[in-house]
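K.L.:
Sharing a structure with you now.
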Amino acid sequence: MYIRDTIAAVSTPPGNGGIGIVRVSGSQAADIGDAVFKPLCNGGLISHRFYFGSVRDYLSGEVVDEAMAVLMRAPRSYTREDVLEIHCHGGMLVVERVLSLCLRSGARLAEPGEFTRRAFLNGRIDLVQAEAVMDIIGSQTEAALRLAQNQREGALSQRIDEARSLLLHALALVEAYIDFPEEDLGATDTAAISSDISSARTILTKLLTGFEDGRILREGISVLIIGKPNAGKSSLLNRLLNENRAIVTHIPGTTRDIIEETVNLGGLAVRLLDSAGIRHTDDVVELEGINRALEKIPLADLVLFVLDAARPFEAEDRLILNSLSGSRVILVRNKSDLPVILELPTETDATKCVAISTHTGLGVDELKETVRSTFLHEAAIDSRDFVAISRARHRDALVTADAVLDRFESGLAANLELELLSVDLRDALAAVGSVTGQATSDDVLDLIFSSFCIGK
Amino acid sequence: MINYDFQYDVIVVGAGHAGCEAALAAARMGCSTLLLTINLDAIALMSCNPAIGGLAKGHLVKEIDALGGEMAKNIDATGIQFRVLNTRKGPAVRASRAQADKQLYRLRMKRVLEHQENLHVKQGEVTALSIDGGELRGVETRSGISFLGKTVVITTGTFMRGLIHIGLNNYPGGRAGDLPSVGLSDQLGKLGFNVGRLKTGTPARLDSRTIDFSRLEAQFGDDPPVPFSFSTERISMPQVPCHIAYTNPRSHEIIRSGLDRSPLYAGIIEGIGPRYCPSIEDKVVRFPDKDRHQTFIEPEGLDTVEVYPSGMSTSLPIDVQIVFYRSMVGLERVEIMRPAYAIEYDYIDPIQLHASLETKLIRNLYHAGQINGTSGYEEAAGQGIMAGINAALRVKGLEPLVLSRSESYIGVMIDDLVTQGTKEPYRMFTSRAEYRLLLREDNADLRLREKGHAIGLVSEHDYAAYLRKKEMIAAEYARVAATRLVMDESQQQFLIKRGLSDIQKGTSLEQLLRRPDISYSDLAEFDHVSRETPQTVLEQVQIQLKYQGYIDRQLDQIERSAKLENTSMPADLDYLAVNGLTTEVREKLSRNRPDTLGQASRIPGVTPAAISVLSIAIKAHAGRSAAEESQ
Chain A
378 MYIRDTIAAV STPPGNGGIG IVRVSGSQAA DIGDAVFKPL CNGGLISHRF
428 YFGSVRDYLS GEVVDEAMAV LMRAPRSYTR EDVLEIHCHG GMLVVERVLS
478 LCLRSGARLA EPGEFTRRAF LNGRIDLVQA EAVMDIIGSQ TEAALRLAQN
528 QREGALSQRI DEARSLLLHA LALVEAYIDF PEEDLGATDT AAISSDISSA
578 RTILTKLLTG FEDGRILREG ISVLIIGKPN AGKSSLLNRL LNENRAIVTH
628 IPGTTRDIIE ETVNLGGLAV RLLDSAGIRH TDDVVELEGI NRALEKIPLA
678 DLVLFVLDAA RPFEAEDRLI LNSLSGSRVI LVRNKSDLPV ILELPTETDA
728 TKCVAISTHT GLGVDELKET VRSTFLHEAA IDSRDFVAIS RARHRDALVT
778 ADAVLDRFES GLAANLELEL LSVDLRDALA AVGSVTGQAT SDDVLDLIFS
828 SFCIGK
Chain B
49 MINYDFQYDV IVVGAGHAGC EAALAAARMG CSTLLLTINL DAIALMSCNP
99 AIGGLAKGHL VKEIDALGGE MAKNIDATGI QFRVLNTRKG PAVRASRAQA
149 DKQLYRLRMK RVLEHQENLH VKQGEVTALS IDGGELRGVE TRSGISFLGK
199 TVVITTGTFM RGLIHIGLNN YPGGRAGDLP SVGLSDQLGK LGFNVGRLKT
249 GTPARLDSRT IDFSRLEAQF GDDPPVPFSF STERISMPQV PCHIAYTNPR
299 SHEIIRSGLD RSPLYAGIIE GIGPRYCPSI EDKVVRFPDK DRHQTFIEPE
349 GLDTVEVYPS GMSTSLPIDV QIVFYRSMVG LERVEIMRPA YAIEYDYIDP
399 IQLHASLETK LIRNLYHAGQ INGTSGYEEA AGQGIMAGIN AALRVKGLEP
449 LVLSRSESYI GVMIDDLVTQ GTKEPYRMFT SRAEYRLLLR EDNADLRLRE
499 KGHAIGLVSE HDYAAYLRKK EMIAAEYARV AATRLVMDES QQQFLIKRGL
549 SDIQKGTSLE QLLRRPDISY SDLAEFDHVS RETPQTVLEQ VQIQLKYQGY
599 IDRQLDQIER SAKLENTSMP ADLDYLAVNG LTTEVREKLS RNRPDTLGQA
649 SRIPGVTPAA ISVLSIAIKA HAGRSAAEES Q
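Residue numbers (the working numbering), protein chains in the order written: chain A, 378 to 833; chain B, 49 to 679.
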């Protein structure tokens with residue numbers, strides 16, 4: 378349910394930061410600004426000017442914080458409503474107090490994604506752009522940010538429009554033969570129709586291939602490092618982390634024993650999973666520890682199976698290898714600087730394999746590149762010109778469209794009646810159009826906007 | 049002004065294809081009805097081509113028939129060539145078309161009107177509506193009589209401020225040989241209606257004695273001719289062929305040489321013409337690469353030498369016309385009997401109508417036909433019957449009958465008109481119907497007979513026949529589902545002959561009919577029952593089985609859109625005060641004032657986002673109204 382009252386929320390990420398921004402949108406935004414913010418120079422807030430002043434509790438008169446504020450009058454604002462932003466010092470308590478003052482002055486707390494929803498409903502941005510906004514907020518790396526910005530600029534909308542106009546053109550051809558049998562049109566131009574459809578499908582296929590890349594750019598991948606004790610797992614972890622110390626973040630994992638380390642491998646966000654349990658049992662051969670590591674395999678997008686090149690393929694290696702069927706695996710032959718003893722079983726011939734030395738750093742770059750190229754296609758590596766769908770909803774719509782077009786093509790080849798072919802074509806158009814919001818409904822909108830975090 | 053001493057329930061202004069259906073519907077529903085026309089000898093006159101039907105138009109005619117209208121019966125009685133188009137395509141886009149004997153068509157309709165109970169037919173030009181304190185009282189005529197009516201249906205065709213163009217000559221006329229209607233559109237404009245200007249045209253009528261038919265390809269109708277009406281048993285008129293001729297590069301040169309005297313290209317004509325029915329000069333200019341254009345030489349009747357060259361309308365001067373028509377092979381000596389001309393006329397923006405065709409500005413006033421910006425006899429008749437029905441329902445104090453987009457082409461057409469308006473003469477196409485597979489000619493009766501019967505338009509005799517057919521379809525459907533192959537000798541032979549050895553004993557006839565290459569006519573080889581069942585019944589079962597997957601998909605779509613279609617917009621909703629709509633959408637909605645959310649969603653520029661805002665505004669409005677009432 379969507380009501381046009383005035384909403385407010387903290388629009389910077391939760392936690393303590395340099396500054397915290399409270400944003401207010403709606404018809405009462407200016408009044409709330411007057412109530413809670415006192416500019417240093419007297420007088421009201423003029424639209425699109427940044428003022429220095431203070432936030433005061435208007436009941437007690439107490440100064441809550443020194444702050445900057447800007448009022449953006451409709452429609453020149455993100456939501457196309459009157460928008461007030463108060464930039465205060467970033468302590469959690471301060472920001473919370475400023476927000477509660479706004480709420481006491483007549484705003485209500487915004488629902489997740491509500492600012493963007495308003496921007497969409499007011500025609501400020503289209504559906505694809507609205508979804509991309511959330512991706513900008515959540516982007517972990519610059520490449521993902523570029524992808525998100527690309528989408529916001531309407532690059533995806535443009536590709537979708539291209540596909541749409543091809544389909545419309547094909548539909549026009551089909552309809553002409555249906556509605557004008559008396560005209561001197563000649564035989565049905567199936568060649569032109571199928572050329573339109575195959576061009577449209579090429580676009581859809583490209584977008585769909587990009588989906589996986591897009592998802593990976595946005596969400597990153599999880600990588601499990603596994604191997605028998607002393608193979609060099611921890612050294613590998615450290616190698617990967619050392620090189621990227623500046624951008625490592627520490628996020629407590631969901632399992633107490635698992636620590637997630639996030640590292641940026643040339644634009645790809647990689648969460649390295651390492652079992653604390655395994656590290657603990659590094660010194661002692663303990664089957665229990667390996668078993669606990671094995672349980673993590675299904676959670677990982679990629680498994681780095683670390684082998685000791687200076688030792689033979691042993692029972693523990695076999696145990697691990699047997700557990701890897703169905704997973705994406707890269708074999709890492711560590712200690713390649715030492716004389717090689719390891720012989721891999723023939724069943725691993727088709728598996729990607731990189732020789733490294735955590736001791737000398739040999740092969741570590743190659744390993745990183747292999748990880749990256751395993752997940753990203755060429756185009757995605759420099760994603761400035763790369764248009765991808767990165768939402769499951771987009772993917773589903775395009776998969777539907779592609780499936781319907783597949784049926785259309787076989788129908789066309791089998792000389793199915795044109796009016797039946799037309800039904801497929803219209804369904805495909807509706808599916809493609811739903812990506813940019815041309816055939817959407819309240820339910821779809823609710824679904825999209827409930828997955829948004831607060832604010833931009 | 050002399051007051052005629054009787055108050056009619058329904059007054060219909062104009063006796064063209066819309067007016068005739070409107071008057072008959074109202075009278076048949078028991079309303080005292082007056083039909084006024086400028087010329088009693090021009091009732092149901094085919095001002096342009098002497099034909100009824102065609103793609104989507106045939107569909108409209110069958111729907112009019114299913115509702116209890118006259119058009120199908122009239123063409124069945126006076127048609128001189130019947131053809132079903134698109135027979136090689138699926139059933140949904142097959143359509144009937146017939147050449148009419150123009151004079152017989154008009155005379156038969158006049159006779160039907162004259163014998164209709166509750167109906168007075170009178171000659172008179174309506175110059176104004178009588179409006180008293182904002183309420184419609186009736187109409188005033190040029191001869192000085194005013195008639196009282198509870199409701200009025202205006203069907204003026206091309207007559208309102210009609211202006212005929214032949215070359216750079218132009219003169220007022222409603223149609224060649226008839227006076228225009230002057231005054232009415234001025235009054236409508238003053239009342240707040242948006243008056244626009246459209247243009248259409250018609251080819252010359254040629255003397256068939258001066259055409260060498262031996263050099264033209266003849267095109268015959270179907271044998272036996274298939275009637276339009278669900279009530280017609282057989283066609284008894286003699287059947288005649290059309291002939292196909294072509295223009296050539298020299299014809300196009302002639303056209304180009306006359307363009308400087310074309311009112312279209314000289315900028316004299318301001319009305320917008322139909323893109324789907326361009327004049328020959330338009331075709332030549334817009335498609336310079338095409339070295340020939342086709343024309344069907346259609347007979348105007350059995351008892352006349354006049355013929356109609358379709359697609360060859362023009363507003364070029366008469367001297368160019370003569371040379372042009374004579375440039376075609378077979379037409380070298382042709383004599384023009386009536387020149388081609390273009391005509392401009394006033395129409396009223398149809399977004400000012402409810403879906404019942406009642407105007408939003410003046411209660412009890414209905415518009416139907418070309419006044420709403422449409423083109424074509426069938427489109428006119430489809431609106432005419434609905435306007436007549438709804439005027440009659442108003443007189444009886446009943447709710448209007450509005451057909452939906454999912455049940456009829458009539459519904460599609462009226463919805464298009466009232467939600468989107470039209471900038472060019474609106475013609476029906478099957479591609480306008482999103483549920484095309486369901487809106488077939490063959491099932492028009494299954495879609496609309498019951499509605500026609502419920503309002504009293506369909507006779508008990510016709511309705512009983514319809515119910516029998518419906519029962520037979522249900523019985524046949526059950527039979528093919530229950531009847532299984534026993535693999536007797538005739539069945540075995542049939543399967544071997546058709547290369548269907550994979551079919552097992554116990555397979556039902558239904559399963560067999562679902563195979564793409566098997567039809568009822570194949571089954572007849574061993575299935576005695578289907579041999580004795582009427583074709584119209586087998587046809588329904590077969591279509592249902594063959595297209596079930598697609599039909600189910602469309603039914604599913606209808607269900608999903610039902611919520612929007614069934615949500616009415618509050619009449620007092622102030623769109624300018626609805627937050628969250630763009631100014632453009634607010635203005636469009638205020639101007640259009642849609643009756644339902646479904647209608648609103650089809651107004652161009654109204655986005656899905658705007659619809660979700662509106663649906664909330666409606667709920668909020670309902671909440672407010674309830675709160676106000678309880679206070």
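Positions of the beta carbon are idealized from the N, C-alpha and C atoms, including for glycine.
As the structure is a computational prediction, the values presented were derived from the model and not from experiment.
1. What does His-402 of chain B pair with, by DSSP beta-bridge criteria?
2. Any idea if Thr-626 of chain A is buried or exposed, counting beta-carbon neighbours within 10 angstroms, 16 or more meaning buried?
3. Look up Cys-479 of chain A in the DSSP assignment and say whether it is helix, strand or coil.
4. Could you tell me the alpha carbon to alpha carbon distance between Asn-420 of chain B and Leu-246 of chain B, rounded to whole angstroms?
5. Whose Cβ in chain B lies nearer than 9 Å to the Cβ of Val-800 of chain A?
6. Kindly give me the distance between the Cβ atoms of Glu-489 of chain B and Lys-110 of chain B, rounded to whole angstroms, as I take these residues to be in contact under 8 Å.
7. Report the three-state DSSP secondary structure of Asp-600 of chain B (helix, strand or coil).
8. Inspect the beta-carbon positions of Ile-606 of chain B and Tyr-483 of chain B and report whether they are closer than 8 Å.
9. Counting only C-beta atoms, is Asp-694 of chain A closer than 8 Å to chain B at any point?
10. When the Cα atoms are used, what is the spatial distance from Leu-642 of chain A to Arg-749 of chain A?
11. Would you tell me roughly how many angstroms separate the C-alpha atoms of Leu-448 of chain A and Ala-407 of chain A, rounded to the nearest one?
12. Quick test of your reading: Val-835 of chain A and Phe-682 of chain A, contact by CB under 8 Å. State the CB separation rounded to the nearest angstrom.
13. Measuring CA to CA, which of B:Gly-78, B:Gly-64 and B:Leu-216 is closest to Lys-158 of chain B?
14. With H, G and I counted as helix, E and B as strand and the rest as coil, what does DSSP make of Tyr-568 of chain B?
15. Could you tell me the boundaries of the alpha helix (DSSP H) in which Lys-636 of chain B lies?
16. Could you tell me which uninterrupted alpha helix (DSSP H) segments, each at least 4 residues in length, are contained entirely in the region 201–249 of chain B, listed from first to last along the chain?
17. Any beta carbon from chain B within less than 8 Å of Pro-558 of chain A's own beta carbon?
18. For Gln-342 of chain B, which residues in chain A fall below 9 Å Cβ to Cβ?
19. DSSP three-state label for Cys-68 of chain B, please.
20. Can you give the Cα-Cα distance for Glu-524 of chain B and Gln-55 of chain B, rounded to whole angstroms?
21. Can you list, in chain order, the residues of its chain whose CB lies under 6 Å from that of Pro-618 of chain B, leaving out five sequence neighbours each side?
22. Would DSSP call Leu-645 of chain A helix, strand or coil?
23. For Lys-499 of chain B, I'd like the list of residues in its chain whose CB is within less than 8 Å of its CB, leaving aside the five on either flank, ordered along the chain.
24. So that I know if they touch, is there some Cβ in chain B lying closer than 8 Å to that of Leu-797 of chain A?
25. What does the Cβ neighbour count give for Val-589 of chain B, buried or exposed, with the cut at 16 atoms within 10 Å?
26. Note down the Cα distance separating Gly-102 of chain B from Arg-142 of chain B, rounded to an integer number of angstroms.
27. Runs of 4 residues minimum, wholly inside the region 561–622 of chain A: which ones carry the alpha helix (DSSP H) assignment?
28. Give me the Cα-Cα distance between Gly-400 of chain B and Gly-222 of chain B, rounded to the nearest whole angstrom.
29. With DSSP collapsed to three states, give me the class of Gly-554 of chain B.
30. So Asp-207 of chain B and Pro-228 of chain B are in contact, right, with Cβ under 8 Å, and what is the actual spacing, rounded?
31. Check whether the Cβ of Val-661 of chain B lies closer than 8 Å to any Cβ atom in chain A.
32. So for Asn-627 of chain B, helix, strand or coil by DSSP?
33. Could you tell me the distance, in whole angstroms, from the CA atom of Asn-792 of chain A to the CA atom of Ser-799 of chain A?
34. Kindly indicate if chain B contains any beta-carbon less than 8 Å away from that of Gly-420 of chain A.
35. Based on Cα-Cα distance, which residue from B:Glu-392, B:Asp-570 and B:Arg-639 lies nearest to Gln-468 of chain B?
36. Who are the Cβ neighbours of Ile-396 of chain A in its own chain at under 8 Å, not counting the five residues just before and after it?
P.N.:
According to the structure data:
1. Within the second sequence, numbered from 1, the residue matching residue 402 of chain B stands at position 354. None; His-402 of chain B has no bridge partner.
2. By 1-based counting over the first sequence, the position of residue 626 of chain A is 249. In this predicted model, Thr-626 of chain A has a pLDDT of only 34, less than 50, meaning its place in the structure is not dependable; the value taken from the coordinates is given anyway. So Thr-626 of chain A counts as exposed.
3. Taking the first residue of the first sequence as 1, we reach residue 479 of chain A at position 102. Looking at Cys-479 of chain A - three-state DSSP - the assignment turns out to be helix.
4. As a first step, residue 420 of chain B is located in the second sequence; it is residue number 372 there, counting from the start. As a first step, residue 246 of chain B is located in the second sequence; it is residue number 198 there, counting from the start. Their Cα atoms are separated by approximately 11 Å.
5. Reading the first sequence from its first residue, position 423 is the one you call residue 800 of chain A. Ordered by position in chain B, the residues that pass the 9 Å Cβ test against Val-800 of chain A are Arg-484, Leu-485, Tyr-598, Arg-601 and Gln-602.
6. As a first step, residue 489 of chain B is located in the second sequence; it is residue number 441 there, counting from the start. As a first step, residue 110 of chain B is located in the second sequence; it is residue number 62 there, counting from the start. Between Lys-110 of chain B and Glu-489 of chain B the Cβ distance is about 5 Å, and since that is below 8 Å, they are a contact.
7. As a working mapping, residue 600 of chain B is identified with position 552 in the second sequence. Of the three classes helix, strand and coil, the one that applies to Asp-600 of chain B here is helix, per DSSP.
8. In the second sequence, the residue the question calls residue 606 of chain B occupies position 558. In the second sequence, the residue the question calls residue 483 of chain B occupies position 435. Contact flag set, yes.
9. Position 317 of the first sequence, counting from 1, holds the residue named residue 694 of chain A. So no, Asp-694 of chain A is outside the interface.
10. Taking the first sequence and counting its residues from 1, the one referred to as residue 642 of chain A is at position 265. Taking the first sequence and counting its residues from 1, the one referred to as residue 749 of chain A is at position 372. The alpha-carbon atoms of Leu-642 of chain A and Arg-749 of chain A are separated by roughly 7 Å.
11. Counting from one through the first sequence, the residue named residue 448 of chain A turns up at place 71. Counting from one through the first sequence, the residue named residue 407 of chain A turns up at place 30. For Leu-448 of chain A and Ala-407 of chain A, the distance between alpha carbons rounds to 7 Å.
12. Within the shown structure, residues of chain A are numbered from 378 to 833, placing residue 835 of chain A beyond reach of any answer.
13. To locate residue 158 of chain B, count along the second sequence from 1; it is residue 110. With distances taken between Cα atoms, Lys-158 of chain B lies closest to B:Gly-64.
14. Here residue 568 of chain B refers to the residue found at position 520 of the second sequence. In this structure, Tyr-568 of chain B counts as helix in the three-state DSSP scheme.
15. Position 588 of the second sequence, counted from the first residue, corresponds to residue 636 of chain B. Looking at the DSSP string, the run of the alpha helix (DSSP H) that includes Lys-636 of chain B is 631–640.
16. 232–238
17. Here the question's residue 558 of chain A lines up with position 181 in the first sequence. Pro-558 of chain A counts as touching chain B.
18. The residue labelled residue 342 of chain B in the question sits at position 294 within the second sequence. What Gln-342 of chain B touches in chain A: Glu-559, Glu-560 and Asp-561.
19. Residue mapping note: residue 68 of chain B aligns to position 20 of the second sequence, counting from 1. Cys-68 of chain B falls in the helix class under three-state DSSP.
20. For the purposes of this step, residue 524 of chain B is taken as the residue at position 476 of the second sequence. For the purposes of this step, residue 55 of chain B is taken as the residue at position 7 of the second sequence. Computed Cα separation, rounded: 51 Å.
21. Counted from its first residue, the second sequence places residue 618 of chain B at position 570. Taken in chain order, the residues that qualify are His-669.
22. Counting from one through the first sequence, the residue named residue 645 of chain A turns up at place 268. Leu-645 of chain A falls in the strand class under three-state DSSP.
23. Residue 499 of chain B sits at position 451 when you count from the first residue of the second sequence. Result list for Lys-499 of chain B: Leu-115, Leu-449 and Leu-451, in chain order.
24. Along the first sequence, read from residue 1 onward, the residue named residue 797 of chain A stands at position 420. Yes, because at least one Cβ of chain B sits closer than 8 Å to the Cβ of Leu-797 of chain A.
25. Locating residue 589 of chain B in the second sequence gives position 541, counting from the first residue. Its Cβ being crowded by 16 or more others within 10 Å, Val-589 of chain B is buried.
26. On the second sequence, residue 102 of chain B is found 54 positions in, with the first residue counted as 1. On the second sequence, residue 142 of chain B is found 94 positions in, with the first residue counted as 1. Taking the straight line joining both Cα atoms gives about 9 Å.
27. 567–596 and 610–619
28. Position 352 of the second sequence, counted from the first residue, corresponds to residue 400 of chain B. Position 174 of the second sequence, counted from the first residue, corresponds to residue 222 of chain B. Gly is not the amino acid found at residue 400 of chain B; the sequence shown has Gln there. Looking at the two C-alpha atoms, the distance is approximately 24 Å.
29. Start at 1 with the first residue of the second sequence, and residue 554 of chain B comes out as number 506. Coil, per DSSP.
30. Counted from its first residue, the second sequence places residue 207 of chain B at position 159. Counted from its first residue, the second sequence places residue 228 of chain B at position 180. In the sequence under discussion, the amino acid at residue 207 of chain B is Phe, which differs from the Asp named in the question. Going by Cβ atoms, the distance from Phe-207 of chain B to Pro-228 of chain B rounds to 6 Å, so yes, they are a contact pair.
31. Here the question's residue 661 of chain B lines up with position 613 in the second sequence. Yes, because at least one Cβ of chain A sits closer than 8 Å to the Cβ of Val-661 of chain B.
32. Looking up residue 627 of chain B in the second sequence gives position 579. Coil.
33. The residue you call residue 792 of chain A lines up with position 415 of the first sequence. The residue you call residue 799 of chain A lines up with position 422 of the first sequence. Whole-angstrom Cα-Cα distance: 13 Å.
34. Reading the first sequence from its first residue, position 43 is the one you call residue 420 of chain A. Output row for Gly-420 of chain A: interface = no.
35. Taking the second sequence and counting its residues from 1, the one referred to as residue 468 of chain B is at position 420. Of the listed residues, the one whose Cα sits closest to Gln-468 of chain B is B:Arg-639.
36. Walking along the first sequence from the start, residue 396 of chain A turns up at place 19. Thr-389, His-464, Cys-465, His-466 and Gly-467, listed in sequence order.
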